[in-house]
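See structure below.
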């Protein structure tokens, strides 16, 4: 509130003497910040007004930021490529799986992208398995790590030996049923196991690899019941891969009996 002085300019006496009548003005005083000011246009708005297009520098900045985020996310990731092939080892069962269902050999092509810091597979990891039967026909399947519920790995550092990567891939029963000529509800939950050891920049195939079958569906009523495991233990392999690179029976890669490495 401020006082406003009203002076009668026609009154010469009052004007010269400095006297006059006073009234009170109750209107609030406005500060300079309260007055509306003209908003400055952003550089992007000016560019779009003049050219009718988005500012290319903004798009370049967003792209560079995306690349930076990806680089930070894969800082601890390493990529390896391993291949393995061979026949099938002995699990101690009365009739081995390969003999019962006419399997002759296997091939595995594994491109793994592993984050050793977080101890997990990255989504780009892909493992291909191919089974050749005795009649010359083949069965193939591709495992992809982008499906978290279908492919995962147990990654551990072993002192003096390197990094152990035990990968498991759950195969849909309807897919695996074609490899053994059975109905989908008679094969349980088939899971492919493949072990890789990494030391420095070199990756080599481990000793623990093959298939295990969890009890599911009506596997108890099928010929596969003797190859099933009740607890889903990857050490209880129903099918054991024996690498062709093993030159003799006592070679570490021959794997006479199933062995489990963490």
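Residue numbers (my numbering): 188 to 449. All C-beta atoms, glycine included, are put in the ideal place defined by N, C-alpha and C.
query: How close, in whole Å, do the beta carbons of residue 416 and residue 398 come, if the pair is a contact with beta carbons under 8 Å?
result: Between residue 398 and residue 416 the Cβ distance is about 11 Å, and since that is not below 8 Å, they are no contact.
- prompt: Starting from residue 414 and walking both ways along the beta strand (DSSP E), at which residues does that stretch end?
  reply: No beta strand (DSSP E) contains residue 414, which DSSP labels as neither H nor E.
message: Tell me which residues share the same chain as residue 360 and place their Cβ nearer than 6 Å to its Cβ, disregarding the 5 neighbours each side in the sequence.
response: The beta carbon of residue 360 sits closer than 6 Å to the beta carbons of 371, 374 from its chain, once the five residues preceding and following it are set aside; these are given in chain order.
task: Would you check if there are 3 or more beta carbon pairs closer than 8 Å linking the segment 304 to 315 to the segment 283 to 290?
output: no
message: Less than 7 Å separating the Cβ of residue 270 from some heavy atom of the ligand SAH?
response: Among the components modelled here there is no ligand, and therefore nothing to report on the ligand SAH.
task: Could I get the ranges of all uninterrupted beta strand (DSSP E) runs contained in the segment 343 to 389, with 3 residues as the minimum, in chain order?
output: 349 to 357, 376 to 386
query: Along the chain, which unbroken stretches of the alpha helix (DSSP H) at least 4 residues long are found entirely within the segment 281 to 354?
result: 284 to 288
- prompt: Quick one: Cα of residue 277 to Cα of residue 428, how far?
  reply: 9 Å
message: The beta strand (DSSP E) that contains residue 424, what's its start and end?
response: Here residue 424 belongs to no beta strand (DSSP E), and DSSP marks it neither H nor E.
query: For residue 265, does the three-state DSSP call read helix, strand or coil?
result: strand
message: With DSSP as the reference, identify every bridge partner of residue 394, one or two as the case may be.
response: Beta-bridge pairing links residue 394 to no other residue.
message: Here's a check: name, in chain order, each residue in its chain whose Cβ is nearer than 8 Å to the Cβ of residue 272, leaving out the five neighbours to either side.
response: 292, 293, 294, 295, 430, 431
- request: Look at the alpha carbon of residue 315 and the alpha carbon of residue 414, and state the distance between them as a whole number of angstroms.
  value: 23 Å
Local Cβ density within 10 Å of residue 393, reported as buried at 16 or more and exposed below that: buried
message: So residue 326 and residue 386 are supposed to be a Cβ contact under 8 Å. How far apart are they, rounded?
response: Contact doesn't hold; Cβ gap of about 33 Å is too wide.
- request: Write down the C-beta distance between residue 382 and residue 396 rounded to the nearest angstrom, noting that I regard them as a contact closer than 8 Å.
  value: 6 Å
task: Pull up the CB-CB distance for residue 301 and residue 342, whole angstroms please, since I reckon it's below 8 Å.
output: 6 Å
message: Given this structure, state the Cα-to-Cα distance separating residue 283 from residue 389, to the nearest angstrom.
response: 33 Å
message: I need the straight-line Cα distance from residue 349 to residue 265, nearest angstrom please.
response: 14 Å
- request: Could you tell me how far apart the beta carbons of residue 352 and residue 340 are, in whole angstroms, since I believe they sit closer than 8 Å?
  value: 5 Å
task: Please report the Cβ distance between residue 409 and residue 369, rounded to the nearest whole angstrom; I am assuming they are in contact, meaning their Cβ atoms lie under 8 Å.
output: 6 Å
C-alpha gap between residue 355 and residue 274, whole angstroms: When only Cα atoms are considered, residue 355 and residue 274 end up about 20 Å apart.
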